[in-house]
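Taking UniProt numbering, the leading residue of the sequence shown gets 1, the next gets one more, and so forth.
Backbone N, C-alpha and C define an ideal beta-carbon position, used for all residues, glycine too.
Only a predicted model underlies this, so the values are computations on that prediction, with no experimental measurement involved.
See below for the structure under consideration.
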Amino acid sequence: MATVNKLMELNSLTEADRLRAQAQDDARTSTMKEGGQSNGLRASTRASLLSLPDELLTTIAEHCIHKTTLKNLQLVAKRFDPLCKALIWQSVKIDGDFEYHDVQMTHLVATGLIPLVHELEYFVPSVFSALSAHHLSTFSALETLVLYPTRGEDGDGEEEDDDGSGSIWPKAITDALGQLPNLRDLTMLHGVLLDDPQFSLSHHLPRLHTFTFNDLGALSVASLFAGGPTLRYLDVPLKPTGIAAASACVGTLHSLIVRSYCMHRPVMRRRVEELGALFDSKNNGRISRPLRTFALDDLDLGPLEDGPAAERFDVPALLQSLHGVNLTTLRVSSIMRLNSTLPAQRDFQHAVSLPSLKNLQILGVAFTHGYLSLDASAVRELGAFLKSLPELAQLTLDFWVLPVTPVELAELSYSSLKSTLPDYFALLDFLRLTKVTEVSIDWRSPLSEYWGWSVHLHRLGDEFIGEAFDSEGMSRSNARTTE
Numbered sequence: 001m002a003t004v005n006k007l008m009e010l011n012s013l014t015e016a017d018r019l020r021a022q023a024q025d026d027a028r029t030s031t032m033k034e035g036g037q038s039n040g041l042r043a044s045t046r047a048s049l050l051s052l053p054d055e056l057l058t059t060i061a062e063h064c065i066h067k068t069t070l071k072n073l074q075l076v077a078k079r080f081d082p083l084c085k086a087l088i089w090q091s092v093k094i095d096g097d098f099e100y101h102d103v104q105m106t107h108l109v110a111t112g113l114i115p116l117v118h119e120l121e122y123f124v125p126s127v128f129s130a131l132s133a134h135h136l137s138t139f140s141a142l143e144t145l146v147l148y149p150t151r152g153e154d155g156d157g158e159e160e161d162d163d164g165s166g167s168i169w170p171k172a173i174t175d176a177l178g179q180l181p182n183l184r185d186l187t188m189l190h191g192v193l194l195d196d197p198q199f200s201l202s203h204h205l206p207r208l209h210t211f212t213f214n215d216l217g218a219l220s221v222a223s224l225f226a227g228g229p230t231l232r233y234l235d236v237p238l239k240p241t242g243i244a245a246a247s248a249c250v251g252t253l254h255s256l257i258v259r260s261y262c263m264h265r266p267v268m269r270r271r272v273e274e275l276g277a278l279f280d281s282k283n284n285g286r287i288s289r290p291l292r293t294f295a296l297d298d299l300d301l302g303p304l305e306d307g308p309a310a311e312r313f314d315v316p317a318l319l320q321s322l323h324g325v326n327l328t329t330l331r332v333s334s335i336m337r338l339n340s341t342l343p344a345q346r347d348f349q350h351a352v353s354l355p356s357l358k359n360l361q362i363l364g365v366a367f368t369h370g371y372l373s374l375d376a377s378a379v380r381e382l383g384a385f386l387k388s389l390p391e392l393a394q395l396t397l398d399f400w401v402l403p404v405t406p407v408e409l410a411e412l413s414y415s416s417l418k419s420t421l422p423d424y425f426a427l428l429d430f431l432r433l434t435k436v437t438e439v440s441i442d443w444r445s446p447l448s449e450y451w452g453w454s455v456h457l458h459r460l461g462d463e464f465i466g467e468a469f470d471s472e473g474m475s476r477s478n479a480r481t482t483e
């Protein structure tokens, strides 16, 4: 408690006050040592903190979310200095403005902080120099890197395989990437072209396991994925380039995230069909497909009720193509009203079967349909979908809207749900018949004071226990059973 009070006190002081307080603390410590037993209680209190091993002190420091708090904690005792310094500099952002970029890089090099950096968000400077790229290559401990190109004409997300006049990744930058021995996770955003057409992930970054891009052109993707890199995690756009990237490493992928970037609906439909064909065993025979997690983000799978048939997705065909993949986690958007995508007299449960799926996340928001309400129609269609997932254990409904607050929902008794929220009651009643053990409903309704809140339901026998959490993850209600 004394340590916690000390930290709170330090957070409220100015820099000069903190330095003065530290000097006074050091003086008092010296006096206590000279005074021996007369000040034994205070000496032992201070010594008890410093007697902790570095592992525990690091754990204490890791609970400080803000870097300002970590800097204040450095002043508590000298032993905290190296521990806090490592946490302060483990994640760094290098600005793209040339003046600030040069100052930041010079500081990191001159002070010997580069070996402490494990995560880096790096903007290629507006006035690019080979020296900057050389400095980048010296981040020997770097594990995660997010790259932004020199400011210029970025891809606009509409052209599917643009290799035109967008931003270029300089050869000096890709050369620097090949000199980062511990790099495991690489993100390249907005840059379209590689200045070095020979640069490939399999040859220059053989240890890389995670790769993300959004605007790379077809020629650059062909270069990067030549030789079939052994990636485990891939995050790509719903474009021919994204599908080509997934195809190049389909034999090693454990997680695939595909994002839609505001394309026309008929174009998205073709891309979804191509994506489904990638994993369809009818097309690929016995090719090993270790995929466990699949996500279609920012893509409205819900059909256009009045739209032409050419603009409707064959959702069951897409999901059924994943039947032989042993998928455990699926994340999709606006997947309600699924039965309207089926021919007459066909039941969704018989059209789709994902027997290995354990975790389903449904985002109820998309660019065209907006936020979804948990109404009778949504519950009915969700129930039809869940029947095709016999082993499902976790269900998440994100971006959904309910007519009550999270706290009110968590604290409603089961007997009152039937009259107060009949649709929600129907959902829970159906889930009792399944193997689902955890349900999470996340509040993200527009202009709501409960943005980011959630209600978690945990199953206990045939009952569910509900608890509300705020946006910081703190419990805001007493857990109640739905009995």
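Does the Cβ-Cβ distance between residue i and residue j come in under 8 Å?
i    : j    : result
L253 : L231 : yes
L177 : H203 : no
L186 : F211 : yes
Q320 : K358 : no
Q90  : V117 : yes
M105 : S137 : no
Y122 : I168 : no
L50  : L83  : no
L183 : E143 : yes
A376 : D442 : no
L431 : V439 : yes
L238 : V258 : yes
L299 : L330 : no
S471 : V407 : no
Is DSSP giving residue i helix, strand or coil here?
i    : result
M105 : helix
E99  : helix
E391 : coil
G157 : Note that G157 scores a pLDDT of 44, beneath 50, so its modelled location is shaky and nothing firm can be said.
R79  : coil
A295 : strand
R184 : coil
A175 : The sequence given here has Asp at residue 175, not Ala. Helix at D175.
E411 : helix
V325 : helix
S440 : strand
K93  : strand
L50  : helix
P229 : coil
L330 : strand
L234 : strand
L318 : helix
L205 : coil
T150 : coil
S126 : coil
Write down the C-beta distance between residue i and residue j rounded to the nearest angstrom, noting that I regard them as a contact closer than 8 Å.
i    : j    : result
W453 : F464 : Their Cβ separation, rounded to whole angstroms, is 18 Å, which puts W453 and F464 out of contact at 8 Å.
S388 : L363 : Contact doesn't hold; Cβ gap of about 19 Å is too wide.
N214 : Y148 : With 8 Å as the limit, N214 and Y148 do not qualify as a contact, their Cβ atoms being about 11 Å apart.
L73  : F80  : 5 Å
S255 : R292 : 7 Å
L216 : V250 : That pair is no contact at about 18 Å.
L275 : P229 : So it is not a contact: roughly 19 Å between Cβ atoms.
L120 : V92  : 5 Å
Could you tell me the boundaries of the alpha helix (DSSP H) in which residue i lies?
i           : result
L191        : Reading off the sequence, residue 191 comes out as Gly, not Leu. That residue, G191, is in no alpha helix (DSSP H); it is neither H nor E in DSSP.
F385        : A376 to L386
residue 484 : Absent from the structure is residue 484, since the part of the chain shown begins at 1 and ends at 483.
D429        : P422 to L431
I257        : Careful: I257 lies outside any alpha helix (DSSP H), inside the beta strand (DSSP E) at S255 to R259.
L142        : First-last for L142: undefined, no H or E at that position.
D54         : D54 to E62
I243        : P240 to A248
T212        : From DSSP, T212 is part of no alpha helix (DSSP H) but of the beta strand (DSSP E) over T210 to F213.
Looking at the secondary structure, which residues open and close the beta strand (DSSP E) in which residue i lies?
i    : result
E467 : E463 to F469
R459 : S454 to L460
S220 : Looking at the DSSP string, S220 is not in any beta strand (DSSP E); the run it does join, the alpha helix (DSSP H), is A218 to L224.
E119 : E119 to F123
L363 : N359 to L363
Assign residue i to one of two classes, buried (16 or more other C-beta atoms within 10 Å of its C-beta) or exposed (fewer than that).
i    : result
T111 : exposed
L180 : buried
M474 : exposed
H264 : exposed
P170 : buried
G461 : exposed
A410 : buried
V109 : exposed
G227 : exposed
V103 : exposed
A248 : buried
Q37  : Low confidence applies here, because Q37 scores a pLDDT of 48, under 50, leaving its location unreliable; read the following figure in that light. Per the 10 Å Cβ criterion, exposed.
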